[in-house]
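Each remark here refers to the structure printed beneath this line.
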Amino acid sequence: MKRCKALYVMFILIFTAIFFCFNGPIQAKNLEWSGCIEADIFGSEQKSRAPEESESGIVLDTLEIVLDAELNENVSAMAIIKYDGGDDDKMILDEANVTMKNLSAAPVTLTVGKYVLPFGVFESPLVNDPITKDKYEINAAAVSFTYAPAEVQGLEVSFTLYDDPENEGVKDLTDYILNATMSQEELYSFTVCYNSAKAEGGYDRDDTLGVSLNVVTAQNVIIDAEYITALEREGDNPSKEYVYSLSADYQVLPALTLAARYEEVEDDNEGNQKTDEDDPVAGVDNRYSLGGTYELYENVALNAEYRISNLEAEYTLKEWILRLSMEF
0 MKRCKALYVM FILIFTAIFF CFNGPIQAKN LEWSGCIEAD IFGSEQKSRA
50 PEESESGIVL DTLEIVLDAE LNENVSAMAI IKYDGGDDDK MILDEANVTM
100 KNLSAAPVTL TVGKYVLPFG VFESPLVNDP ITKDKYEINA AAVSFTYAPA
150 EVQGLEVSFT LYDDPENEGV KDLTDYILNA TMSQEELYSF TVCYNSAKAE
200 GGYDRDDTLG VSLNVVTAQN VIIDAEYITA LEREGDNPSK EYVYSLSADY
250 QVLPALTLAA RYEEVEDDNE GNQKTDEDDP VAGVDNRYSL GGTYELYENV
300 ALNAEYRISN LEAEYTLKEW ILRLSMEF
């Protein structure tokens, strides 16, 4: 509860600062809001398990409202208020941060607040997120410094200092992320990132390395590959934990895009892990996914995905989902 209240206080302070700093409030023309609504119909079936289980349903999966405030060409703020379909039916402050570019007339950008940190890329042409995102995405209070030298076009290097929200028992600001990205618009993007965080209890470190590649081929096929591996877990060096994802999508028609993805997981745990509704990665060995997106109207799309997960407990989970999404 205290953490939740602190997030809302951060949200209020950030936007108050943007409105009243630098000689008075900003003009309304520099405020923008946008968002999306996503509704899902879904079903699943487990095979090779006694008894076999199946389920289906309909849910409002996401309601997201994004607020952007721009003070000038160098200073801006952003906040995301989000409802994510679940049992608690609560709106949360998902992100709130301030960004300042060209600090001291140098190509350095400062970002401070709560936001998704620059570890992993997690591109997804399908309805569901890749396992890499489910397992390694970090949304936390942090400060990031990003350097983009003009001499090397497309290069960005960043350093992020953050407080790991998963480690509530230890409070010292020693978690950090290093990220380097080289890209050329509409051709490729290559990212290497390194995360070092306190292990549970705070006595050892959890060190993780990620590599991501996005390529657009001459046939306009978009290929995304991502590999994330644990270098060290609680003093156990080396660790066998890794996840990788490989996907491709192709625009067959102006309104129709088809996609496919393969993923594999090694959790470095002995024995078979059980599936867990709160942990979509638990128990998964590998997964195959097929799907597509059809644009019904401008900013309104119908998405479909069918996937098969082979699980450690020696049974198969088959899932399908239809999503109607609208951006505004």
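Just so you know, the sequence shown maps onto residues 0 to 327 in numbering that gives the first Met the number 0.
All C-beta atoms in this analysis are idealised placements derived from N, C-alpha and C, irrespective of residue type, glycine included.
_Coil, strand or helix - C3 by DSSP_ = Caution applies to C3, whose pLDDT of 46 falls short of 50 and renders its modelled position unreliable; the value that the coordinates give is listed next. Helix at C3.
*Simplified DSSP state of K100, which is helix, strand or coil*: Here K100 sits in coil by DSSP.
*Kindly list the residues whose CB is nearer than 7 angstroms to the CB of N309, restricted to its own chain and excluding five residues on each side of it in sequence; keep chain order.*
These residues qualify, in order along the chain: D284, N285 and T315.
*In its own chain, which residues sit with a C-beta less than 8 angstroms from the C-beta of N101, not counting the 5 before and 5 after it?*
Closer than 8 angstroms at Cβ, skipping near neighbours: N73, V107 and T108.
_With a threshold of 8 angstroms, are at least 3 pairs of Cβ atoms found where one atom belongs to the segment 287 to 302 and the other to the segment 136 to 152?_
The segment 287 to 302, when compared against the segment 136 to 152, does not touch it at the 8 angstroms Cβ threshold.
_Start and end residues, alpha helix (DSSP H) containing K239_ = Per DSSP, K239 belongs to no alpha helix (DSSP H) and is neither H nor E.
*Evaluate the contact criterion for the segment 217 to 231 versus the segment 240 to 255: three or more CB pairs, one atom per stretch, below 8 angstroms.*
Contact between the segment 217 to 231 and the segment 240 to 255 is present: 3 or more CB-CB pairs across the two stretches fall below 8 angstroms.
*Over what stretch of residues does the beta strand (DSSP E) that includes T329 continue unbroken?*
Absent from the structure is residue 329, since the part of the chain shown begins at 0 and ends at 327.
*asked:* Just to confirm the assignment, what range does the beta strand (DSSP E) spanning Y82 have?
replied: Secondary structure note for Y82: its beta strand (DSSP E) is the uninterrupted segment V74 to D83.
*Could you check the C-alpha separation between S43 and S103 for me, to the nearest Å?*
If I take the Cα positions, the gap works out to 55 angstroms.
*asked:* Quick check on the burial criterion: 16 or more other C-beta atoms within 10 angstroms. Buried or exposed for N96?
replied: Under this definition N96 is a buried residue.
*What residues are listed by DSSP as bridge partners for K317?*
According to DSSP, which records beta bridges pairwise, K317 is partnered with E44 and I307.
_Once DSSP output is grouped into helix, strand and coil, what is the label at T131?_
In the structure shown, the three-state DSSP call for T131 is helix.
*Which partner residues does T180 have in the DSSP bridge list?*
According to the DSSP secondary-structure assignment, T180 is paired through a beta bridge with E155 and T190.
_With H, G and I counted as helix, E and B as strand and the rest as coil, what does DSSP make of N29?_
Under the three-state reduction of DSSP, N29 is assigned to helix.
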